[in-house]
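Just below is one structure, and these are the notes that go with it.
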Amino acid sequence: MKTKGTRLPIIVQLSAMFGVVVFLFLSLLGFVVYHFSDVGNMAGNLVSHTSARALALKDAHTDFTRALLAMRGFLFYPDGAALYEKSYRDEIQKSLDTVKRYNATSKETDTKEEGARLEKLVADYVVLGDRVIAAKKANDPNLSQITGQGRQLVADIDAQFLKLNQIQSTYLTDKSNFVVNHSKTQVSTAITVSIIILVLIVVIVYLYSRNLGKRLRNLSQELTNVGKLDLTGDDLHPTRNDEIGDMGTVVIEMRKALKTFVNQLHTTGQMLASAGEELSATVDEHLTAVQTVANSVGTIAAGASQNSDNISSISATLQQISAGAQEISATASSVNSRTYDAVHEADNGMNMLTAVVEQNEQIASAMKEITDVTSKLARGSEDIKGIVSVINDIAGQTNLLALNAAIEAARAGEAGRGFAVVAEEVRKLAEQSANATKDIAEIISTMGSEIAFAVDTVVKANAEVSKGKTSASDTQKGFESIIATLGTVKDGIEQIAIAVDETAKGTQAMVASVQNISAIAEETSDNAGTVAATVEEQSASMHEISSNSESLAKLATELNHIVKQFKV
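Below is the structure:
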């Protein structure tokens, strides 16, 4: 009975399972890499944009302060006035340029407005500084008034710098908190998804391995029962259309054929035994008749006067012998025909066993392919460990990024305090990523153990298949013994048929002799001698038939003994 449905060879099933495992691992890798990359991009944006803007604003304020110091040196130290003037112009221009770059990269409305106000105040101070320098050089009496205006403008600029720094610090803190919270969420999500995918992979591998081992054990048990000549039990029909299902179907068909064959052998053996008994009884009767003929021939030789009566008696006896010979010939022909059928069925059984042995060889080859694919799955697990190493490297790079951010925060001083918090959180995130990678590595190690269990299961299945091959070979040897025994039986039947044919010919010769005795009375003595010789030959033939009948009965007994070894 063939299983229905689309055929899925074992190599296709294992390849599909391996493909699913690889797909899940690649999905896991893509998910983790994507989320870590997202966190890295956010941290990079925080470092390269928000923190950089805070540092730029700090640098602009510092440059402005240096410009004020240079202006004081110009006003109070005439000996170095030219040097102080140049230093002032460089620092104030640098501060103004930094404020302009800050405004150019502003995206928020409040930073744009406050930055524009700061840029205007610094530009106004540049104009006022030029007036102070010109008044100082010209010894203008209004210099004090101009410097007084400058002090008020400096106070406004410092206040604007402070206000803008507070706004920038607020943005930095908010974005830092967002990055930290988002990073924690991403790490938790990545760990959860990783555990789910890895558990799913382990469950898939375990369930398939357990199902495959169970099917192979059932098939091995069926083959072992057949090898032990046990043909009882219910048929376990295959549930899948693959190589194991094909072998299960062959085992079922073989067991059915063996049941039919053993039943036929049993029937044939019984018939052979019965025919042998009947043949022995018939031979005994013919021996008695032949003895009667011999006695009659002796009587004819002793006295010619009784020839007529003896010839009549011999004729009647010969008719009985002829009828018995025909009956023996018919019985021998029937037994010969049944013996030929038994030999034919034995040949069919041997052909089916040969097909089972060949199927076992094919399954052994398929099991080798299964072992190879399972080994590839184990190697795939090792490759996945390399992927985990890549993720670990990503965590190391994130840790390095946190270290660089901490250095930048230290250089920024008070303005980089918020960024230092971000750097510390990023460093913690890197440590959590490393710990998560370690957990993933442990899960993958557990999955490697499950894959090793699958490999062991396949190895055990190979051993079970080998046992099935041995059982099938033992069964094949048993059938070879049966075929040899049936061949001997067939030869004995043929010899019996030959002996029966010779008996029929002898009977015909005896009939001819009796007719000659009736026709030529004067040749009674000579014909009586001929009849006596014929009777002796007939007696020898009957003894040979009796011996062959005993051999036939013995062979039938041996055949029944062999058949009884089967459990049907």
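Terminal number for the sequence shown in the working numbering: 571, no gaps in between. Note that CB positions come from ideal geometry on N, CA and C, so glycine has one too. Note that the coordinates shown come from a computational prediction; the quantities given were computed from them, not determined experimentally.
ask   = Is there contact between the stretch 550-564 and the stretch 243-253, where contact requires at least three CB pairs shorter than 8 Å?
value = no
> Under the rule that 16 or more other beta-carbon atoms within 10 Å means buried, what is leucine 573, buried or exposed?
Replying inline: Given that the chain is displayed from residue 4 to residue 571, the structure contains no residue 573 and the question cannot be resolved.
* To do: Give the C-beta separation of isoleucine 207 and valine 23 to the nearest angstrom, bearing in mind that I take them to be a contact with Cβ-Cβ under 8 Å.
  => Locating residue 207 in the sequence shown gives position 204, counting from the first residue. Locating residue 23 in the sequence shown gives position 20, counting from the first residue. About 7 Å separates the two Cβ atoms, so the contact holds.
In the DSSP assignment, the alpha helix (DSSP H) including serine 54 goes from what residue to what residue? If you number the sequence shown from 1, residue 54 lands on position 51. Here serine 54 belongs to no alpha helix (DSSP H), and DSSP marks it neither H nor E.
Between which two residues does the alpha helix (DSSP H) harbouring glutamine 152 extend? Position 149 of the sequence shown holds residue 152. Here the alpha helix (DSSP H) through glutamine 152 covers 146-230.
Quiz prompt | Span of the alpha helix (DSSP H) around lysine 110 | solution = Taking the first residue of the sequence shown as position 1, residue 110 is located at position 107. Lysine 110 -> no alpha helix (DSSP H), and no H or E assigned at all.
Item to check | Pairwise C-alpha distance: serine 484 and glutamine 16 | outcome: Counting from 1 along the sequence shown, the entry for residue 16 is found at position 13. Counting from 1 along the sequence shown, the entry for residue 484 is found at position 481. Their Cα atoms are separated by approximately 41 Å.
* Start-to-end residues for the alpha helix (DSSP H) that takes in alanine 46 -> On the sequence shown, residue 46 is found 43 positions in, with the first residue counted as 1. Segment 13-48, the alpha helix (DSSP H) holding alanine 46.
| task | Pull up the CB-CB distance for lysine 371 and glycine 216, whole angstroms please, since I reckon it's below 8 Å. | result | The sequence position of residue 371 within the sequence shown is 368, counting from 1. The sequence position of residue 216 within the sequence shown is 213, counting from 1. Contact doesn't hold; Cβ gap of about 17 Å is too wide.
- Message: Just verifying my parser: in three-state terms, what is the DSSP assignment at aspartate 504?
- Response: As a working note, residue 504 is residue 501 in the sequence shown. Helix at aspartate 504.
Keeping to the same chain, check which residues put their C-beta closer than 8 Å to that of tyrosine 174; ignore five residues upstream and five downstream.
Position 171 of the sequence shown, counting from 1, holds the residue named residue 174. Closer than 8 Å at Cβ, skipping near neighbours: Thr53, Glu111, Thr114.
Worksheet item: If we cut at 7 Å on Cβ distances, does lysine 140 have a partner in chain C?
Response: Looking at the structure shown, chain C is missing, and only one protein chain is on hand.
**Prompt:** Should glycine 573 go down as buried or exposed, given a rule of 16 or more other Cβ atoms within 10 Å for buried?
**Reply:** Residue 573 lies beyond the residue range present for the chain, which begins at 4 and ends at 571; the question has no answer from this structure.
**OP:** Please classify histidine 38: is it buried, with 16 or more other beta-carbons within 10 angstroms of its beta-carbon, or exposed?
**Re:** Locating residue 38 in the sequence shown gives position 35, counting from the first residue. Histidine 38 is buried by the Cβ-count criterion.
Would you say serine 98 and aspartate 127 are within 7 Å of each other, going by their C-beta atoms?
On the sequence shown, position 95 is the one that residue 98 refers to. On the sequence shown, position 124 is the one that residue 127 refers to. Taking 7 Å as the Cβ cut-off, serine 98 and aspartate 127 do not qualify as a contacting pair.
Where aspartate 344 falls: helix, strand or coil (DSSP)
Taking the first residue of the sequence shown as position 1, residue 344 is located at position 341. In this structure, aspartate 344 counts as helix in the three-state DSSP scheme.
Would you say threonine 334 and alanine 278 are within 7 Å of each other, going by their C-beta atoms? Numbered from 1 along the sequence shown, position 331 holds the residue referred to as residue 334. Numbered from 1 along the sequence shown, position 275 holds the residue referred to as residue 278. Contact flag set, yes.
Does the beta-carbon of valine 253 have 16 or more other beta-carbons within 10 angstroms, so that it is buried, or is it exposed?
In the sequence shown, counting from the first residue as 1, residue 253 sits at position 250. Valine 253 should be labelled buried.
Checklist entry - For the putative contact between alanine 46 and valine 182, defined by C-beta atoms under 8 Å, what is the C-beta separation to the nearest angstrom? => result As a position in the sequence shown, residue 46 is number 43, starting the count at 1. As a position in the sequence shown, residue 182 is number 179, starting the count at 1. Confirmed, Cβ separation roughly 6 Å.
Check your understanding: Going by DSSP, what residues sit across from lysine 570 in a beta bridge?
Key -> For the purposes of this step, residue 570 is taken as the residue at position 567 of the sequence shown. Lysine 570 pairs with Asp233.
Worksheet item: Does the stretch 185-192 come close enough to the stretch 425-439 to have 3 or more Cβ pairs within less than 8 Å?
Response: yes
Check: Based on Cα-Cα distance, which residue from Gly399, Ile95, Leu86 lies nearest to arginine 69?
Finding: Within the sequence shown, the letter at position 66 stands for residue 69. With distances taken between Cα atoms, arginine 69 lies closest to Ile95.
Worksheet item: Quick one: is glutamate 467 buried, meaning 16 or more other Cβ sit within 10 Å of its Cβ, or exposed?
Response: Against the sequence shown, residue 467 aligns to sequence position 464. With 16 or more Cβ atoms within 10 Å of its Cβ, glutamate 467 is classed as buried.
Check: How long is the line joining the alpha carbons of glutamine 479 and threonine 263, rounded to whole angstroms?
Finding: Locating residue 479 in the sequence shown gives position 476, counting from the first residue. Locating residue 263 in the sequence shown gives position 260, counting from the first residue. Each residue's Cα considered, the two are about 16 Å apart.
State yes or no: is the C-beta of serine 90 within less than 7 Å of the C-beta of alanine 73? Here residue 90 is taken as the residue at index 87 of the sequence shown, counted from 1. Here residue 73 is taken as the residue at index 70 of the sequence shown, counted from 1. Yes. Within cutoff.
Checklist entry - Just to confirm, are threonine 235 and lysine 470 a CB contact at a threshold of 7 Å? => result Within the sequence shown, the letter at position 232 stands for residue 235. Within the sequence shown, the letter at position 467 stands for residue 470. Not closer than 7 Å, so no.
Straight-line CA distance for leucine 124 to valine 102?
As a first step, residue 124 must be located in the sequence shown, where it is residue number 121. As a first step, residue 102 must be located in the sequence shown, where it is residue number 99. Straight-line Cα distance between these residues: approximately 11 Å.
(Q) To the nearest angstrom, how far is the alpha carbon of glutamate 497 from that of serine 550? (A) For the purposes of this step, residue 497 is identified with residue 494 of the sequence shown, where counting begins at 1. For the purposes of this step, residue 550 is identified with residue 547 of the sequence shown, where counting begins at 1. About 14 Å.
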